[in-house]
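As structure tokens, the structure follows; a few thoughts come after it.
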Amino acid sequence: MSATIPPEQPQADDKDWTWVTQRACTECGFDPAAVTPEAYPEQITTLSERFRVVLDLPDAEERPSPQVWSAIEYGQHLADVCEVMAQRLDAILEADGLAEFDSWDGEAASVEREYWRASANSFAAPSGDQWQLRGRRGDGVEFTASTLGLYLLHELAHHTHDVGA
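Spelled out as structure tokens, the structure:
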């Protein structure tokens with residue numbers, strides 16, 4: 001499928017992925033128990049570098065099927081996820097109490113931002129008790145700065161696995 005042809009309208013991913021902050025993902029191998037908050041920046045950088053290699057492949061813009069993102073689209077999604085998670089971490093660190101942030105629909109963002117055409121420093125900032133500061137997503141799910149980092153690391157690991165890197 002050409003990268004310039006709009007994809008089929010995606011269905012919203014309504015699966016609750018927050019479980020990846022508590023237990024290992026058998027599909028991609030990410031294990032939240034194997035990483036400490038102090039290692040988040042290094043892990044974000046490592047996973048990003050692994051993914052970057054896929055973007056240099058000659059068919060990176062091609063979709064394997066109409067319903068499956070190309071490597072370029074996965075890359076854009078991961079860039080958006082990193083940005084959203086950095087914003088949420090900032091909100092958690094700056095809040096006086098429980099931070100509130102809207103839910104984010106990555107599938108809707110893929111259409112809005114036209115992915116088919118187309119943050120390690122943040123997670124180095126928290127220290128000590130800041131890792132336990134909390135925020136709540138629009139659907140009511142709560143994260144700490146630490147579990148937000150785990151959620152981001154799983155996104156990076158899972159989508160790197162999705163594209164075979």
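Residue 22 in the UniProt record's numbering sits at position 22 of the sequence shown, and the numbers go up by one each step. Note that CB positions come from ideal geometry on N, CA and C, so glycine has one too. From a predicted model like this one, the values you see are computed outputs, not experimental measurements.
Check	Outcome
Straight-line CA distance for Glu83 to Ala60?	22 angstroms
Is it buried or exposed for Trp19, if we count other Cβ within 10 angstroms and need 16 for buried?	exposed
Just checking, does the segment 135-142 make contact with the segment 91-109 on the three C-beta pairs under 8 angstroms criterion?	yes
Taking the Cβ atom as the reference point for each residue, do Val35 and Leu153 lie within a distance shorter than 8 angstroms?	yes
Suppose you measure from the CA of Leu57 to the CA of Leu89; what does that come to, to the nearest Å?	33 angstroms
At the level of alpha carbons, what is the spacing between Ile72 and Leu55?	6 angstroms
Let me know the alpha helix (DSSP H) ranges lying completely inside the UniProt domain "DinB-like" (59-161), each 4 residues or longer, listed in chain order.	71-94, 106-112
Can you give me the start and stop residues for the alpha helix (DSSP H) that Glu49 sits inside?	40-55
Rounded to whole angstroms, what's the CA-CA distance from Phe143 to Arg63? Just pull it up for me.	33 angstroms
Report, in whole angstroms, the separation of the C-beta atoms of Thr21 and Thr147, which I expect to be a contact under 8 angstroms.	4 angstroms
Is the CB-CB distance between Ala124 and Pro41 below 8 angstroms?	yes
Rounded to the nearest angstrom, what separates Gly97 and Gln130 at their Cα positions?	12 angstroms
Could you check the C-alpha separation between Glu27 and Ala108 for me, to the nearest Å?	24 angstroms
Quick one: is Ser2 buried, meaning 16 or more other Cβ sit within 10 Å of its Cβ, or exposed?	Reliability of the predicted coordinates at Ser2 is poor, the pLDDT of 46 falling under 50, and no value is obtained from them.
With DSSP run on the structure shown, which of helix, strand or coil describes residue 166?	Given that the chain is displayed from residue 1 to residue 165, the structure contains no residue 166 and the question cannot be resolved.
Could you round the C-beta distance between Pro126 and Leu93 to whole angstroms and report it? I think they count as a contact, below 8 angstroms.	6 angstroms
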